[in-house]
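Chemist: Before we start, here is the structure in question, set down as structure tokens.
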Amino acid sequence: MQKQHTTKVIKIDNVAKDTFVFRLELPKFPKIIPGQFLNVRVPGFTLRRPFAICDWDEKNKTVDFGFTVRGDGTRALSNAKVGDTLDVLLPLGNGFDLSGLKDKKIMLIGGGIGAFPLLSVVKNHANCYSFLGFTAKELVLLEKEFKTASKELVVNIGGFVTDDAEKAIPKIKPDVIFACGPEPMLKALCNKKLTIPVFVSLEQRMACGFGACLCCNQRVLVNGEEENLRICCEGPVFKSEDVIWS
Amino acid sequence: MVLERKVLGLKFKNPILPASGTFNMGREVAEFYELATFGGLITKGVTRAKRQGNVAPRTVETVGGMLNSVGLQNPGVDAFIKNDLPFMKKQGVPVIANACGTTIEDYVYVASQLDKSNVDAIELNISCPNLGKSCGGMSFGVDPEMTKEVVSAVRKVTKKPLIVKLTPNVTNIAVIAKAAESAGADAISLINTLAAMAVDIKTRKPILGNKVGGLSGPAVKPVALKMTWDVFNAVKIPVIGCGGISDYRDVIEFMLCGATLVQVGTGLLTDPMCVPKMVADLEKWCRENKINSLDEIVGGLKV
Ligand SMILES: Cc1cc2nc3c(=O)[nH]c(=O)nc-3n(C[C@H](O)[C@H](O)[C@H](O)COP(=O)(O)O)c2cc1C
Ligand code: FES
Numbered sequence: 001m002q003k004q005h006t007t008k009v010i011k012i013d014n015v016a017k018d019t020f021v022f023r024l025e026l027p028k029f030p031k032i033i034p035g036q037f038l039n040v041r042v043p044g045f046t047l048r049r050p051f052a053i054c055d056w057d058e059k060n061k062t063v064d065f066g067f068t069v070r071g072d073g074t075r076a077l078s079n080a081k082v083g084d085t086l087d088v089l090l091p092l093g094n095g096f097d098l099s100g101l102k103d104k105k106i107m108l109i110g111g112g113i114g115a116f117p118l119l120s121v122v123k124n125h126a127n128c129y130s131f132l133g134f135t136a137k138e139l140v141l142l143e144k145e146f147k148t149a150s151k152e153l154v155v156n157i158g159g160f161v162t163d164d165a166e167k168a169i170p171k172i173k174p175d176v177i178f179a180c181g182p183e184p185m186l187k188a189l190c191n192k193k194l195t196i197p198v199f200v201s202l203e204q205r206m207a208c209g210f211g212a213c214l215c216c217n218q219r220v221l222v223n224g225e226e227e228n229l230r231i232c233c234e235g236p237v238f239k240s241e242d243v244i245w246s
Numbered sequence: 001m002v003l004e005r006k007v008l009g010l011k012f013k014n015p016i017l018p019a020s021g022t023f024n025m026g027r028e029v030a031e032f033y034e035l036a037t038f039g040g041l042i043t044k045g046v047t048r049a050k051r052q053g054n055v056a057p058r059t060v061e062t063v064g065g066m067l068n069s070v071g072l073q074n075p076g077v078d079a080f081i082k083n084d085l086p087f088m089k090k091q092g093v094p095v096i097a098n099a100c101g102t103t104i105e106d107y108v109y110v111a112s113q114l115d116k117s118n119v120d121a122i123e124l125n126i127s128c129p130n131l132g133k134s135c136g137g138m139s140f141g142v143d144p145e146m147t148k149e150v151v152s153a154v155r156k157v158t159k160k161p162l163i164v165k166l167t168p169n170v171t172n173i174a175v176i177a178k179a180a181e182s183a184g185a186d187a188i189s190l191i192n193t194l195a196a197m198a199v200d201i202k203t204r205k206p207i208l209g210n211k212v213g214g215l216s217g218p219a220v221k222p223v224a225l226k227m228t229w230d231v232f233n234a235v236k237i238p239v240i241g242c243g244g245i246s247d248y249r250d251v252i253e254f255m256l257c258g259a260t261l262v263q264v265g266t267g268l269l270t271d272p273m274c275v276p277k278m279v280a281d282l283e284k285w286c287r288e289n290k291i292n293s294l295d296e297i298v299g300g301l302k303v
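Quick look at the structure:
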């Protein structure tokens with residue numbers, strides 16, 4: 001399957017403070033799984049920048065990804081214009097496994113830009129209950145998109161969205177929880193020792209994004225043994241009880 | 001045919017190899033194109049026992065390059081021979097195993113296991129800067145006597161072509177290259193990464209989990225070219241150039257400085273597709289410049 005794509009930027013939305021969603025047009029459309037990511041080459045930089053895929057349209061051969069400006073690379077990327085060409089590797093990573101979840105209730109818990117990969121789930125599954133947390137009002141993103149596609153949406157500004165979600169569990173009775181966000185949030189969620197299976201999507205500094213360099217390690221339990229797995233290949237989604245937090 | 005290289009008793013259909021550690025054991029790049037696009041293959045560094053490598057984060061971009069502190073995460077030489085080597089050997093181009101150790105005994109063990117396998121050559125990494133103070137990985141390659149000691153010990157246990165890969169973190173690299181040659185090396189490859197660090201002013205901490213790492217990419221190319229030239233002028237055995245190569249002009253520059261073959265590392269991470277392009281562009285350049293064999297340019301720097 002082709003992994004390198006020469007794409008065209010066809011739409012740029014400034015969805016929150018310093019936060020953008022780019023729509024890319026692909027010459028050839030690959031099969032994508034919710035929660036997978038892409039790795040964008042930013043002209044003038046040595047390393048690509050990895051971002052979650054948040055939506056796609058197979059018919060029109062488009063893929064959306066979102067990011068917040070964090071450093072020089074993302075700053076440069078945010079200056080791209082509609083019509084520009086971007087060299088992108090995709091789809092990368094394992095993604096959220098939705099097979100066997102048909103008709104099941106999925107609880108989504110997102111913190112900040114952790115909402116981006118979760119949007120790809122809500123767009124592909126009819127029975128989602130979404131809980132999104134943001135540290136400030138100007139950082140709230142994708143509220144409309146989540147509201148339209150979810151059964152229920154709770155947005156928390158400045159508090160702990162994981163607590164909101166925990167309180168709602170007895171009422172919603174989700175079959176599975178998918179979460180993405182800052183490490184302290186995911187850790188707090190895992191420490192709740194919920195009886196429902198929890199899958200977390202993790203982040204790490206990457207070099208290649210496709211498994212060749214071993215730069216994106218995460219300590220994970222594999223058959224009871226501690227292993228360093230690649231977030232870009234065996235991840236970014238891991239079963240929460242397997243993750244060994246730093 | 002014009003790109004074909006005969007070195008170390010092996011035939012490489014072009015001079016371009018992946019640099020160890022930027023290609024794992026080949027399976028990932030194989031999802032982009034046929035591995036026979038390369039003149040030959042080089043493995044991730046293998047050690048006596050399985051290694052988990054360093055703590056995260058292991059990489060960060062710096063101006064014109066990147067740092068890494070992977071710390072030789074690998075399955076161990078025996079698991080490599082069993083699980084990865086058969087796949088690599090199937091690709092139809094020579095396979096070079098990158099061997100690392102922390103003691104002479106480790107190097108000898110790894111080399112003797114590789115000697116019994118069907119790898120085509122061994123690249124002895126006496127330069128990995130990631131093993132920390134208590135280990136010997138750093139010290140072998142920074143000292144001519146230690147270099148001689150480890151190369152002679154390995155030479156005794158293998159008849160396979162032996163490439164010794166040098167660290168640039170030395171005062172005079174030509175002295176180390178000569179030491180390796182006198183101890184029986186069949187070729188020299190260089191450079192490994194430059195010892196380096198990056199700092200976050202917000203946290204006032206080093207960015208890498210391991211605090212220090214190795215610099216690679218376009219930023220190191222001028223250093224690597226100079227060292228390739230120094231070593232080419234100091235030894236009689238073939239030299240393999242590496243450091244910041246990302247297009248065919250870089251390949252020509254290294255060959256003019258004396259490289260018989262080259263390795264592409266960080267370039268593969270930036271753009272895995274750079275290699276097929278590099279091969280095609282190099283061939284075109286040779287045609288346009290009426291070069292019949294790359295031997296015509298190796299060491300041809302006009303000084
Ligand atoms: C992520 C990474 C891992 C590496 N691992 C190894 C290794 O296992 N053994 C080795 O000899 N060199 C290793 N190197 C060094 C490269 O093979 C090469 O010598 C160096 O990166 C300079 O070349 P470049 O600028 O083309 O990357 C590694 C480099 C990188 C970036
Ligand atoms: S970023 Fe290179 S292996 Fe994951």
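Those sequence lines, one after another, are chains A and B.
Here our numbering is used: position 167 in the first sequence is 167, and no number is missing along the way.
Here our numbering is used: position 46 in the second sequence is 46, and no number is missing along the way.
C-beta: ideal position from N, C-alpha, C; glycine also.
Name the residue from Lys160(B), Phe232(B), Thr147(B), Val151(B) whose alpha carbon lies nearest to the alpha carbon of Ile176(B).
Modeler: As a first step, residue 176(B) is located in the second sequence; it is residue number 176 there, counting from the start. Ranking Lys160(B), Phe232(B), Thr147(B), Val151(B) by Cα distance to Ile176(B) puts Thr147(B) first.
Chemist: Express the C-alpha separation of Cys128(A) and Val122(A) in angstroms, rounding to a whole number.
Modeler: Your numbering for residue 122(A) matches position 122 in the first sequence. Your numbering for residue 128(A) matches position 128 in the first sequence. Rounded to whole angstroms, Val122(A) to Cys128(A) spans 6 Å at the Cα level.
Chemist: Who are Ile252(A)'s beta bridge partners in DSSP?
Modeler: Nothing can be reported for residue 252(A), as the shown portion of chain A is limited to 1 through 246.
Chemist: Between the Cα of Thr171(B) and the Cα atoms of Ala153(B), Ala185(B), Glu296(B), Leu194(B), which residue gives the shortest distance?
Modeler: Within the second sequence, numbered from 1, the residue matching residue 171(B) stands at position 171. Checked all of Ala153(B), Ala185(B), Glu296(B), Leu194(B); the closest Cα to Thr171(B) is Leu194(B).
Chemist: Secondary structure at Arg249(B), three-state DSSP: helix, strand or coil?
Modeler: In the second sequence, residue 249(B) corresponds to position 249, counting from 1. Helix at Arg249(B).
Chemist: Thinking just about the alpha-carbon of each residue, which of Asp55(A), Val40(A), Asn94(A) is nearest to the one in Phe199(A)?
Modeler: Translated into positions along the first sequence, residue 199(A) becomes position 199. Closest by alpha carbon: Asn94(A).
Chemist: Sorted by chain position, which residues of the same chain lie with C-beta nearer than 8 Å to Ser139(B)'s C-beta, five sequence neighbours on each side aside?
Modeler: Residue 139(B) sits at position 139 when you count from the first residue of the second sequence. Same-chain partners within the cutoff: Met146.
Chemist: Residues in the same chain with beta-carbon distance under 6 Å from Glu181(B), minus the five sequence neighbours each way, listed in chain order, please.
Modeler: By 1-based counting over the second sequence, the position of residue 181(B) is 181. Answer for Glu181(B): Val235, Ile237, listed in chain order.
Chemist: Note the first and the last residue of the continuous alpha helix (DSSP H) segment covering Gln113(B).
Modeler: Indexing the second sequence from 1 puts residue 113(B) at position 113. Gln113(B) -> alpha helix (DSSP H) spans 104 to 116.
Chemist: For a test of the three-state rule: what should DSSP assign to Phe45(A), helix, strand or coil?
Modeler: Counting from 1 along the first sequence, the entry for residue 45(A) is found at position 45. Coil, per DSSP.
Chemist: Note down, one range per segment and in chain order, each beta strand (DSSP E) of at least 3 residues found wholly within the region 37 to 95 of chain A.
Modeler: Taking only runs of at least 3 residues, the beta strand (DSSP E) segments lying wholly in the region 37 to 95 of chain A are 37 to 40, 49 to 57, 62 to 68, 85 to 92.
Chemist: Which residues, in chain order, does the region 26 to 42 of chain B contribute to contact with chain A at a C-beta distance below 7 Å?
Modeler: If the cut-off is 7 Å between Cβ atoms, the region 26 to 42 of chain B has Glu28, Val29, Glu31, Phe32 near chain A.
Chemist: Any idea which residues DSSP pairs Met278(B) with across the strands?
Modeler: The residue given as residue 278(B) occupies position 278 in the second sequence. None, per the DSSP bridge assignment.
Chemist: Helix, strand or coil for Pro170(A) per DSSP?
Modeler: Position 170 of the first sequence holds residue 170(A). Looking at Pro170(A) - three-state DSSP - the assignment turns out to be helix.
Chemist: Under 7 Å Cβ to Cβ from Phe20(A), same chain only, skipping five residues before and after it: list those, please.
Modeler: For the purposes of this step, residue 20(A) is taken as the residue at position 20 of the first sequence. The answer, listed in chain order, is Ile12, Asp13, Asn14, Gly66, Phe67, Ser78.
Chemist: If you check the beta carbons only, do Pro34(A) and Gly112(A) fall under 8 Å apart?
Modeler: Numbered from 1 along the first sequence, position 34 holds the residue referred to as residue 34(A). Numbered from 1 along the first sequence, position 112 holds the residue referred to as residue 112(A). Result no, Cβ atoms of Pro34(A) and Gly112(A) do not sit closer than 8 Å.
Chemist: Would you decide whether Arg204(B) is buried or exposed? Buried here means 16 or more other CB atoms lie within 10 Å of its CB.
Modeler: Numbered from 1 along the second sequence, position 204 holds the residue referred to as residue 204(B). Burial call: exposed.
Chemist: Just the residues with CB closer than 6 Å to a heavy atom of ligand 2, in chain order, which are they?
Modeler: Those residues are Met206(A), Ala207(A), Cys208(A), Gly209(A), Gly211(A), Ala212(A), Cys213(A), Leu214(A), Cys215(A), Cys216(A), Arg230(A), Cys232(A), given in chain order.
Chemist: Could you tell me whether the Cβ of Met88(B) comes closer than 8 Å to any Cβ of chain A?
Modeler: One-based indexing of the second sequence puts residue 88(B) at position 88. Taking Cβ atoms only, chain A never reaches closer than 8 Å to Met88(B), which makes this a no.
Chemist: DSSP three-state call for Arg155(B): helix, strand or coil?
Modeler: For the purposes of this step, residue 155(B) is taken as residue 155 along the second sequence, with counting starting at 1. It is helical.
Chemist: Looking at Val110(B) and ligand 1, is the gap between the Cβ and the nearest heavy atom below 7 Å?
Modeler: If you number the second sequence from 1, residue 110(B) lands on position 110. Flag unset: Cβ of Val110(B) not near ligand 1.
Chemist: Under three-state DSSP, which class holds Gly300(B)?
Modeler: Sequence index remark: in the second sequence, residue 300(B) carries index 300 (1-based). Looking at Gly300(B) - three-state DSSP - the assignment turns out to be coil, as it is neither helix nor strand.
Chemist: Is the Cβ-Cβ distance between Asn98(B) and Ser20(B) less than 8 Å?
Modeler: As a first step, residue 98(B) is located in the second sequence; it is residue number 98 there, counting from the start. As a first step, residue 20(B) is located in the second sequence; it is residue number 20 there, counting from the start. A contact, by the Cβ cut-off of 8 Å.
Chemist: Taking only heavy atoms of ligand 1 into account, decide whether any of them is closer than 7 Å to the Cβ of Ala327(B).
Modeler: Because chain B is modelled from 1 through 303, residue 327(B) falls outside the range shown and cannot be assessed.
Chemist: Can you have a look at Ile244(A) and say buried or exposed, based on whether 16 or more other CB atoms are within 10 angstroms of its CB?
Modeler: Here residue 244(A) is taken as the residue at index 244 of the first sequence, counted from 1. Exposed, by the Cβ-count rule.
Chemist: Give the residues from the region 68 to 95 of chain B that approach chain A closer than 8 Å (Cβ to any Cβ), ordered along the chain.
Modeler: Going along the region 68 to 95 of chain B in chain order, one finds Asn68, Val70, Gln73 with a Cβ nearer than 8 Å to chain A.
Chemist: Determine which residues of the region 204 to 219 of chain A have a Cβ less than 9 Å from any Cβ of chain B, and write them out in chain order.
Modeler: The residues in question are Gln204, Arg205, Met206, Ala207, Cys208, Gly209, Phe210, Gly211, Ala212, Cys213, Leu214, Cys215, Cys216, Asn217, Gln218, Arg219.
Chemist: I'd like the list of long-range same chain contacts for His125(A), defined as Cβ closer than 8 Å, with 5 residues on each side in sequence excluded.
Modeler: One-based indexing of the first sequence puts residue 125(A) at position 125. The residues are Pro34, Leu98, Leu101, Ile106.
Chemist: Verify the CB distance criterion: does Gln52(B) have a CB-CB separation below 8 Å to chain A?
Modeler: Walking along the second sequence from the start, residue 52(B) turns up at place 52. Gln52(B) counts as touching chain A.
Chemist: Can you tell me whether DSSP reads Gly132(B) as helix, strand or coil?
Modeler: Position 132 of the second sequence holds residue 132(B). Note that Gly132(B) has pLDDT 41, beneath the 50 cutoff, so the model's placement of it is unreliable and the number below is only indicative. Three-state DSSP puts Gly132(B) in coil, outside helix and strand.
Chemist: Could you check whether the Cβ of Cys135(B) sits closer than 8 Å to any Cβ belonging to chain A?
Modeler: The count along the second sequence starts at 1 and reaches residue 135(B) at position 135. Only weak support is given to the placement of Cys135(B): the predicted model assigns it a pLDDT of 45, under 50, and the value that follows is read from those uncertain coordinates. No - not a single Cβ of chain A is within 8 Å of the one on Cys135(B).
Chemist: Spatial neighbours of Gly211(A) within its chain, please: CB distance less than 7 Å, with the 5 preceding and 5 following residues excluded, ordered by chain position.
Modeler: Within the first sequence, residue 211(A) is the residue found at index 211, counting from 1. Contacts found: Arg230, Cys232, Cys233.
Chemist: Using a Cβ-Cβ cut-off of less than 9 Å, give me the residues of the region 68 to 93 of chain A that come near chain B, in sequence order.
Modeler: Answer set for the region 68 to 93 of chain A: Gly71, Asp72, Gly73, Asp87, Leu89.
Chemist: List, in chain order, every chain B residue whose beta-carbon is nearer than 9 Å to that of Phe45(A).
Modeler: Mapped onto the first sequence, residue 45(A) falls at position 45. Simply Glu61, Thr270.
Chemist: Assign Asn289(B) to buried or exposed, taking buried as 16 or more other Cβ atoms, counted over all protein chains shown, within 10 Å of its Cβ.
Modeler: Your numbering for residue 289(B) matches position 289 in the second sequence. It counts as exposed.
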